[in-house]
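Read the structure below first, then the notes.
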Amino acid sequence: MKRRIFLALLGALFLYGVVRLFFADQPSGKRSNSATYFGDAGLKKYPQDSVMVSAGDHYQLSKVGEFFLGRHYRAVWAEPVKAKVFHMNEAKGGLSIEKIGGGMQTTSLTLIDSLGRRFALRSLDKDPVNVLSPFWRKTFVGSFVRDQVSATNPYAAMVVAPLAEAAGVFHPTPQLVYVLPSDQSFKQYANLFGNKLFMMEEKFTSRASLPKEFGEAADLVSTEEMLRRRYKSSQHRIDQWAFARARLLDLLLSDWDRHEGQWDWAVYAQDQEVWYKPIPKDRDQALCLYDDGLVPWLATRKFAMRKFESFHPKFKDVFGLTINAAFLDARALSEVSLVDFRRLAREMQVNLSDSVLRLAVKRMPLPVYKLVGEDTYKKLRSRRQLLVQTSEEYYKILAKEVSVVGADEPERFVVQRLSQGRTVVEVYKLGKGNINGEKIYSRTFFASETEQINLYGLNGDDIFDIKGAAAKGSYVHVFGGPGADQVIDKSSVEGWRKKTVVMDDTRGVQLQEGPITDAKLSESLKEVPSFVRVRIRP
415 MKRRIFLALL GALFLYGVVR LFFADQPSGK RSNSATYFGD AGLKKYPQDS VMVSAGDHYQ
475 LSKVGEFFLG RHYRAVWAEP VKAKVFHMNE AKGGLSIEKI GGGMQTTSLT LIDSLGRRFA
535 LRSLDKDPVN VLSPFWRKTF VGSFVRDQVS ATNPYAAMVV APLAEAAGVF HPTPQLVYVL
595 PSDQSFKQYA NLFGNKLFMM EEKFTSRASL PKEFGEAADL VSTEEMLRRR YKSSQHRIDQ
655 WAFARARLLD LLLSDWDRHE GQWDWAVYAQ DQEVWYKPIP KDRDQALCLY DDGLVPWLAT
715 RKFAMRKFES FHPKFKDVFG LTINAAFLDA RALSEVSLVD FRRLAREMQV NLSDSVLRLA
775 VKRMPLPVYK LVGEDTYKKL RSRRQLLVQT SEEYYKILAK EVSVVGADEP ERFVVQRLSQ
835 GRTVVEVYKL GKGNINGEKI YSRTFFASET EQINLYGLNG DDIFDIKGAA AKGSYVHVFG
895 GPGADQVIDK SSVEGWRKKT VVMDDTRGVQ LQEGPITDAK LSESLKEVPS FVRVRIRP
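Each position in the sequence shown, counted from 1, maps to that position plus 414 in the working numbering.
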């Protein structure tokens, strides 16, 4: 009964807020995804290459509307700012349109210069309605989703760049530009791109497009390609510590939307290995504020859409900040220890000094800085002070279940169960005669932190050697995958639970069971385990 009352109340408040927003409280003027250009006065007051323009005054609400749907960054969207007028034939020595792009929300173009360097022109305003099914797009739900774009700071990416620079995280450097309504250089796209504010930034697509700050990078690849190479050969390595540093910056910024499609990877040849360093992109959700209105506050609770975490002086829900990144986190952070996370967090605290934070927030347009600059600075400063504590919480989320993944090569997984709930996992390349070669993985797990360790052999003739005796220990799940695998379990853990679980094809594994072995063999496990299949979100 209580649940029904709560849901009924939530629905009533939601509908009431939407009705007040779209029928009673809407200020004069049309709702659109165009900027508000303040006429020729802007061209007279400033040089002809600049105008005064707002990102979107259609997000303004009455006090009643703000109570239900949130104050968010509505004042920021409505505030006129000085923006440079974009001239395609002058910018970067002259640009041409390569292709139109954008995901389900953003209007964007890929532009190319005479040297083959590419640049992204991405609209500040979004239309996220396409994330909904067609049925809901023209209903009050679609209107609500569109309105919640106001929870994002349209100029956040300008703040992120100097912070990333100081933290040692690769980044593009965005520039605010405005496309005139009558700009014919956009040809057939003139109606789509005219009268809008955009962020223009480098688009890292090849070795030629990488700046000198990237060092001796040999190439640049997508997450999908990076994972394919990583699973094919253990010579391909992810710089997991660089990724951990980038993810801590994400947490600092409250940037919750860090799924696998939000990253590129710079490629470095080093001795006999190839390393991949992360390049984050698309900072649409940094510094966002969702929970300052009744309806979005209810919608973002832990029982609902908790991933929509907001930017506050304190971290309210670290787990919520990790939901969208869980797929990539599981594959690119399995080697990073608690000590590593603490070290990286302390380094970031030092590098992101008060002066760095102050300079970063001042990258916002001056009128916007006057509105939210001091508040943003204080929040960043507070969150920075909590970064070590937050990194520990983040580590515990990741450590609960960890996957150790081999490659499509012969490997030996050595698992030792030790006292005090410790489990040491090491992975070696296998040479002729099954002789251990180079060690390619090593980490000590603790039963108090890690409930389950998953071992993936992938497509190779792998050996899993599990030994040792302990009073307590983590579950170890063995996924042999295709190939002629051997699993030798000589381990023991006190208690009645079988803590070594083996999943493989009955005809593709030689199994030596021990007292805690739970063999789940089948004749239908020929496929590569779903964990290692590459999937990229649009």
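Each residue gets a CB set at the ideal place from its N, CA and C atoms; glycine is no exception. Treat the numbers as computed from the prediction; the structure is a model and nothing was measured.
Measuring CA to CA, which of D664, T920, Q676 is closest to E937?
-> Each of D664, T920, Q676 was checked against the Cα of E937, and the nearest Cα belongs to T920.
If you pair each beta-carbon of the stretch 646-657 with each one of the stretch 742-761, do three or more pairs fall below 8 Å?
-> As far as the Cβ criterion goes, the stretch 646-657 touches the stretch 742-761, which means the pair count is three or higher.
Under the DSSP definition of a beta bridge, which residues are partnered with T521?
-> In DSSP, T521 forms no bridge with anything.
Top-ranked residue by Cα proximity to D678, from L663, K695, Q686, L523 | The residue among L663, K695, Q686, L523 with its C-alpha nearest the C-alpha of D678 is K695.
Who are the near neighbours of D669 in its chain, counting only those whose CB is closer than 6 Å to its CB and skipping five residues on each side?
-> Same-chain partners within the cutoff: Q699, A700.
Can you tell which of V495, L525, K728, T714 has the C-alpha that lies nearest to the C-alpha of N503?
-> Residue L525 is the option with its Cα nearest to N503.
By Cβ distance below 8 Å, which residues in the same chain neighbour L771 in space, the five residues on each side in sequence not counted?
-> Here L771 has L577, Y791, L794, R795, R798 as same chain residues with Cβ atoms under 8 Å from its own Cβ, once five neighbours each way along the sequence are excluded.
What residues in its chain sit with their C-beta under 8 Å from that of L624, if we drop five residues either side in the sequence?
-> The answer, listed in chain order, is F618, A631, L634, A680.
Segment contact, 8 Å Cβ cut-off, at least three pairs: the stretch 596-616 with the stretch 723-740 | Flag = no, the stretch 596-616 and the stretch 723-740 do not touch.
Classify P710 as helix, strand or coil using the three-state DSSP reduction.
-> Note: P710 maps to helix in three-state DSSP.
Y704 to K814, Cα distance in whole Å?
-> Cα to Cα, the separation comes out at about 28 Å.
Contacts around N868, its chain only, beta-carbon distance under 6 Å, and the 5 residues preceding and following it disregarded = Once the five neighbours on either side are set aside, the close Cβ partners of N868 are S817, H891.
Could you tell me which of L509, V802, Y473, K513 sits nearest to V666, measuring between CA atoms?
-> As written in the sequence, residue 666 is Leu, which differs from the Val given in the question. Out of L509, V802, Y473, K513, V802 has the C-alpha closest to the C-alpha of L666.
Check whether the stretch 562-572 touches the stretch 581-590, counting contact only when three or more Cβ pairs, one atom from each stretch, lie closer than 8 Å.
-> Contact between the stretch 562-572 and the stretch 581-590 is present, because at least three Cβ pairs lie under 8 Å.
Are the beta-carbon atoms of G928 and G887 separated by less than 8 Å?
-> Not in contact: G928 and G887 (Cβ atoms no closer than 8 Å).
Can you list the beta strand (DSSP E) stretches of 3 or more residues lying completely in the stretch 863-940, in chain order?
-> The stretch 863-940 contains, as complete beta strand (DSSP E) runs of 3+ residues, the segments 866-870, 877-881, 889-893, 899-903, 914-919, 923-926, 931-936 (chain order).
Under 8 Å between C-beta atoms of L752 and Y809 = By the CB criterion at 8 Å, L752 and Y809 fall inside the cutoff.
Inspect the CB distances between the stretch 477-484 and the stretch 767-786 and report whether three or more fall short of 8 Å.
-> No: the two stretches stay apart, fewer than three of their Cβ pairs being nearer than 8 Å.
Cβ-based neighbour list, I930, same chain, cut-off 8 Å, excluding 5 preceding and 5 following = So the qualifying residues of the chain are D903, S905, S906, V907, R911, K912, K913, T914.
Rounded separation between V829 and Q684 - CA only | Rounded to the nearest whole angstrom, the C-alpha separation of V829 and Q684 is 29 Å.
Cβ neighbour criterion (16 or more within 10 Å) applied to G871 = So G871 counts as buried.
How long is the line joining the alpha carbons of K646 and K881, rounded to whole angstroms?
-> In this structure, the straight-line span from the alpha carbon of K646 to that of K881 is close to 28 Å.
When burial is assigned at 16 or more other CB atoms within 10 Å of the CB, is F529 buried or exposed?
-> Phe is not the amino acid found at residue 529; the sequence shown has Leu there. Burial call: exposed.
Where does R434 fall in DSSP's three states?
-> The predicted position of R434 is uncertain, since its pLDDT is 48 and thus under 50; a value taken from the coordinates is nonetheless stated next. Reduced to three states, the DSSP call for R434 is helix.
Where K792 falls: helix, strand or coil (DSSP) | Helix, per DSSP.
What separation, rounded to the nearest whole angstrom, lies between the Cα atoms of P568 and M613?
-> So the alpha carbons of these two residues sit roughly 9 Å apart.
For I811, I'd like the list of residues in its chain whose CB is within less than 8 Å of its CB, leaving aside the five on either flank, ordered along the chain.
-> The residues are V732, F733, T736.
Thinking just about the alpha-carbon of each residue, which of K716, V709, S636 is nearest to the one in Y690?
-> Among K716, V709, S636, the Cα nearest to that of Y690 belongs to S636.
Where R536 and S724 are concerned, what is the direct C-alpha to C-alpha distance, given to the nearest angstrom?
-> Answer to the nearest angstrom: the Cα atoms are 23 Å apart.
D789 burial status per 10 Å Cβ neighbour count (16 or more: buried) = That one is exposed.
Tell me, which residues are paired with L624 by DSSP?
-> In the DSSP assignment, L624 forms no beta bridge with any residue.
Helix, strand or coil at D633 [DSSP, three-state] = DSSP places D633 within a strand segment (E or B) once states are collapsed to three.
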